[in-house]
Amino acid sequence: MIRTSGLVKRYGDVVALDGLDLLVPQGEVLGLLGPNGAGKTTAVRILTTLLEADSGEAEVAGLNVQTQPEKVKERIGLSGQNAAIDEHLTGFENLDMVGRMYHLGRRRSRERARELLERFSLTDAGDRPAKTYSGGMRRRLDLAAALVAEPQVLFLDEPTTGLDPRSRSQMWETIQDLVRGGSTVLLTTQYMEEADQLCDDIVVIDKGRKIAEGTADQLKKQVGGERIEVVLVDLADLPAAGAVLRSLAVDEVQIDEPSRRLTAGVSGGVDDLRLVLQGLSEAGVAVVDVGLRRPTLDDVFLSLTGHHTEEEEPAAGDAKPGKGAKVKDTKKEAVR
Amino acid sequence: MSSLALALADGAVVAKRNLIKITRVPEVLIWTTMSPIMFVLLFAYVFGGSIEIAGADYKEYLMAGIFAQTVIFGSTFTGAGLAEDMTKGIIDRFRSLPISKAAVLIGRTGSDIFYNAISIAVMSLTGLAVGWRIRTSLAEAIAGLLLLLLFSYAVSWIMAYVGLKVSSVEVVNNASFMFIMPLVFIANTFVPSDNLPGPLRTFAEWNPISALAQAVRELFGNTGSNPPADVWSLQNPVLYTLISVAAILAVFVPLSIRQYGKAAAR
Ligand SMILES: Nc1ncnc2c1ncn2[C@@H]1O[C@H](COP(=O)(O)OP(=O)(O)O)[C@@H](O)[C@H]1O
Ligand SMILES: [Mg+2]
Chain A
1 MIRTSGLVKR YGDVVALDGL DLLVPQGEVL GLLGPNGAGK TTAVRILTTL LEADSGEAEV
61 AGLNVQTQPE KVKERIGLSG QNAAIDEHLT GFENLDMVGR MYHLGRRRSR ERARELLERF
121 SLTDAGDRPA KTYSGGMRRR LDLAAALVAE PQVLFLDEPT TGLDPRSRSQ MWETIQDLVR
181 GGSTVLLTTQ YMEEADQLCD DIVVIDKGRK IAEGTADQLK KQVGGERIEV VLVDLADLPA
241 AGAVLRSLAV DEVQIDEPSR RLTAGVSGGV DDLRLVLQGL SEAGVAVVDV GLRRPTLDDV
301 FLSLTGHHTE EEEPAAGDAK PGKGAKVKDT KKEAVR
Chain B
1001 MSSLALALAD GAVVAKRNLI KITRVPEVLI WTTMSPIMFV LLFAYVFGGS IEIAGADYKE
1061 YLMAGIFAQT VIFGSTFTGA GLAEDMTKGI IDRFRSLPIS KAAVLIGRTG SDIFYNAISI
1121 AVMSLTGLAV GWRIRTSLAE AIAGLLLLLL FSYAVSWIMA YVGLKVSSVE VVNNASFMFI
1181 MPLVFIANTF VPSDNLPGPL RTFAEWNPIS ALAQAVRELF GNTGSNPPAD VWSLQNPVLY
1241 TLISVAAILA VFVPLSIRQY GKAAAR
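If you read the sequences in order, they're chains A and B.
Going by the numbering used here, the first sequence opens with residue 1, and the numbers climb by one from there.
Going by the numbering used here, the second sequence opens with residue 1001, and the numbers climb by one from there.
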């Protein structure tokens, strides 16, 4: 179980956390959703004893993080924002070392390292230095390291940021397996879709403050579920295309002229998409792209705060799921 | 387990990891052994022939200085290693694990003794090849080598603090060069301090590096017929070196451990 109340952390003038309250009941997965700089990592660092809060209370697995950090460390696993593995050591050596540091003993550490390599499909790579690993493999190894001592509470800070779409969905499956095992997890992410896939509850934060809270469905209702996005060939078709979308939209149609893009929230899913296509072709509107997509963090922000996330691109080279993630949406249905 | 035993056991796990790393990146070890070889050869042949000091063979006089300089530079390895672990987030991982707060530093400084031992061994062999000789007993020679290791161990704790504080490998290397170079040169490492001008001379006489070089020189029997300078520090170089080691450790062990406790990767 994780509980915080009124957590505050300042870095000079920057208020990284501004009175954050969180509650993650035993066996639940909480998604901490927010853009870059929202304070996600700061919250994780405080809860994992790496950082002291300026004020407020934090409790993990029934222990006060400020007064009993050593006990807390025995009960948690952390997979930080950047994979913290030693690239000169092999996967096995990395896990064995972590096992020894949890004081599992020589034999148990080795056994556990092999078990985890197996479980994370790293057996073949287990005796190679980790610097030969792909980004996805490093992330999996880092997650494995967090699980060495079978922690009661697990912290995953942006576990898929920077991964390519394939590694990302692999990672999702891994985390879903984990979650089925009944761990208490705090997971941070910049992706609405990720929180939707993996979390029981979602807390949306911005500038260190909670701005919304609820299940993925509750949030999506607030945000307006799926959206249809149309990119025009010719800006002159804007009024015609706008009319077609407005006939189905559940909210205001958003128009971005420079990119000739229209976006509208819909409730009818694929049926609505078909109707839009039909309407557009009847009106003789040529399009570059039409798609149905799930709301992104930016959509959530726009409807909750009336402004966009300040940084649209989370990190260089990042594949942002949600945008044009039609293939993934199909897969998502299969998973459910 | 007592907390010291726990710190040592955890430290051994960290040290093992550092030593594995040496086998994976042998280039580092090759470079650390190349530079002492280069120093011995350069000093022996470039300066050795042209600098004369009364009452001693300069080549022999020089070796103690090169030993001292090399182990001190060798200890920057501690700072660079910790800075690298900081930037790669490995210190964060260690800090989230239930190990002793001193373990990472004990492990790091401990495995770096091995590093310095290797460079001392390489330097000795190179020195012997160019004509350096130990003119005392085996016991005294060993005492000299141990004193070098002990001093470098203490300096490692200073570097540990620096490494955790600045958390950038480049800054550690450049900054320590800027500090170590004058400290090593304003001393009796390469030339006797007697000819230095006033304040520099006092500094050199009380510079622990002078005492180290003097102590090692005496233990190897390389002082020739020169009496040591007439100051307490150089009259009792072994004792003064040991006091310096104790003082450095007393300040920097707690300081470094505290810095580790609040270290934050960026
Ligand atoms: N060590 C630090 N020094 C100064 N400012 C920091 C530091 N760490 C984080 N911040 C600032 O605190 C805010 C929250 O950062 P962070 O918790 O890393 O956000 P997130 O993980 O959600 O991207 C940001 O404005 C960031 O610039
Ligand atoms: Mg972050």
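For every residue, glycine included, the Cβ atom is placed at its ideal position computed from N, Cα and C.
Legend entry - First through last residue of the beta strand (DSSP E) which encompasses T189/A: First-last of the beta strand (DSSP E) with T189/A: 184–189.
Legend entry - Identity of the residues DSSP links to K9/A by a beta bridge: BP columns for K9/A point to L17/A.
Legend entry - Distance between V29/A and G182/A (C-alpha atoms, nearest Å): Between G182/A and V29/A, the C-alpha separation is close to 9 Å.
Legend entry - Continuous alpha helix (DSSP H) stretch holding L117/A: start and end: Bounds of the alpha helix (DSSP H) holding L117/A are 106–119.
Legend entry - Amino acids of chain A, ordered along the chain, whose beta-carbon sits closer than 7 Å to that of L1164/B: In chain order: nothing, as chain A lies at least about 14 Å away.
Inset, instruction - Evaluate the contact criterion for the segment 240–258 of chain A versus the segment 189–209 of chain A: three or more CB pairs, one atom per stretch, below 8 Å. - result: These segments do not touch.
Legend entry - 8 Å Cβ cutoff met for L280/A and V288/A: In this structure, V288/A does not lie closer than 8 Å to L280/A by Cβ.
Inset, instruction - Using a Cβ cut-off of 7 Å, pull out every chain B residue sitting near Y102/A, in sequence order please. - result: When 7 Å is used as the limit between beta carbons, Y102/A is near these residues of chain B: L1097, P1098, in chain order.
Legend entry - A1223/B CB to nearest heavy atom of ligand 1 below 7 Å: Per the sequence shown, residue 1223/B should be read as Thr rather than Ala. Remark: the C-beta of T1223/B is outside contact range of ligand 1, defined as less than 7 Å to any heavy atom.
Inset, instruction - Can you tell me which of the three DSSP states G91/A falls into? - result: Helix.
Inset, instruction - Identify whether I1186/B lies in helix, strand or coil by the three-state DSSP scheme. - result: In the three-state reduction of the DSSP assignment, I1186/B falls in the coil class, being assigned neither a helical nor a strand state.
Legend entry - Sequence-distant residues of its chain with Cβ nearer than 7 Å to F1073/B (five each side left out): Cβ within range, chain order: I1180.
Legend entry - Residues of its chain near N1188/B, where Cβ-Cβ distance is below 7 Å and the 5 sequence neighbours each way are ignored: Within its own chain, the residues whose Cβ lies closer than 7 Å to the Cβ of N1188/B, once the five positions on either side in sequence are excluded, are A1204, S1210, A1213, Q1214, listed in chain order.
Legend entry - chain B contact for V203/A (CB, 8 Å cutoff): Put simply, the CB of V203/A is far from chain B, with every gap to its CB atoms at 8 Å or more.
Inset, instruction - Using a cut-off of 7 Å between C-beta atoms, extract the partners of K73/A located in chain B. - result: The answer, in chain order, is S1096, L1097, P1098.
Legend entry - Contacts around N94/A, its chain only, beta-carbon distance under 7 Å, and the 5 residues preceding and following it disregarded: So the qualifying residues of the chain are I85, D86, A130, L141, A145.
Legend entry - Assigned secondary structure, S247/A (DSSP; H/G/I helix, E/B strand, else coil): It is coil, neither helix nor strand.
Inset, instruction - Taking only the alpha-carbon atoms, compute the straight-line gap between L7/A and L20/A and give it to the nearest angstrom. - result: Rounded to the nearest whole angstrom, the CA to CA distance from L7/A to L20/A is 5 Å.
Inset, instruction - Spell out the partners DSSP gives T263/A in its beta bridges. - result: Paired residue(s): E229/A, Q254/A.
Legend entry - Per DSSP, cross-strand counterpart(s) of I205/A: Under the DSSP definition of a beta bridge, I205/A partners with K210/A.
Inset, instruction - Determine which residues share a DSSP beta bridge with R3/A and list them. - result: DSSP, once it has assigned bridges, lists L23/A, E59/A as partnering R3/A.
Inset, instruction - Return the CA-CA distance between A315/A and V1013/B, expressed in angstroms with no decimal places. - result: Only weak support is given to the placement of A315/A: the predicted model assigns it a pLDDT of 41, under 50, and the value that follows is read from those uncertain coordinates. In a straight line, the C-alpha of A315/A is about 35 Å away from that of V1013/B.
Legend entry - Buried/exposed call for Q1069/B, threshold 16 Cβ in 10 Å: In the assembly as shown, Q1069/B is a buried residue. Its beta-carbon has 16 or more other beta-carbons within 10 Å.
Inset, instruction - Go through its chain and collect everything with a Cβ distance to K332/A's Cβ below 6 Å, but skip five positions before and after it. - result: In this predicted model, K332/A has a pLDDT of only 31, less than 50, meaning its place in the structure is not dependable; the value taken from the coordinates is given anyway. Within the same chain, and ignoring the five residues on either side of K332/A in sequence, no residue has its Cβ closer than 6 Å to its Cβ.
Inset, instruction - Flag D1112/B as yes if its beta-carbon sits less than 8 Å from any beta-carbon of chain A, otherwise no. - result: D1112/B is outside the set of residues whose beta carbon lies under 8 Å from a beta carbon in chain A.
Legend entry - According to DSSP, residues forming a beta bridge with N64/A: Under DSSP, N64/A shares a beta bridge with E59/A.
Inset, instruction - Go through the segment 119–178 of chain A residue by residue and report every complete run of the alpha helix (DSSP H) that reaches 4 residues or more, in order. - result: You should have 135–147.
Legend entry - Proximal residues, the segment 34–63 of chain A versus chain B, C-beta separation under 9 Å: Taking 9 Å as the Cβ-Cβ cut-off against chain B, the residues of the segment 34–63 of chain A that qualify are R45, T48, T49, L50, L51, E52.
Inset, instruction - Would you please verify whether the beta carbon of I1090/B is less than 8 Å from any beta carbon of chain A? - result: Interface residue (Cβ-Cβ distance to chain A less than 8 Å): I1090/B is classified as such.
Inset, instruction - Ignore the nearest five residues each way along the sequence and tell me which others in R110/A's own chain have a CB closer than 7 Å to its CB. - result: Contacts found: D96.
Legend entry - Same chain, Cβ closer than 7 Å to A241/A, five either side skipped, listed in chain order: Hits under 7 Å: V230, L232, L262, L280, V285.
Inset, instruction - Name the two residues that bound the continuous beta strand (DSSP E) containing L1225/B. - result: Looking at the sequence shown, residue 1225/B is not Leu but Ser. If you look at S1225/B, you'll find it isn't in any beta strand (DSSP E); DSSP assigns it neither H nor E.
Legend entry - ligand 1 site residues, beta-carbon cut 5 Å against heavy atoms: Ordered along the chain, the selected set is Y11/A, V14/A, A16/A, N36/A, G37/A, A38/A, G39/A, K40/A, T41/A, T42/A.
Inset, instruction - Since I believe V72/A is in contact with A61/A (beta carbons under 8 Å), could you give me their beta-carbon distance rounded to a whole number of angstroms? - result: So it is a contact: roughly 7 Å between Cβ atoms.
Inset, instruction - Report all residues from its chain with a CB closer than 7 Å to the CB of L1150/B; omit the five preceding and five following residues, and keep chain order. - result: So the list reads V1245, once near-sequence residues are dropped.
Legend entry - Those residues which DSSP pairs with G31/A across a bridge: G31/A is bridged to L187/A, I202/A.
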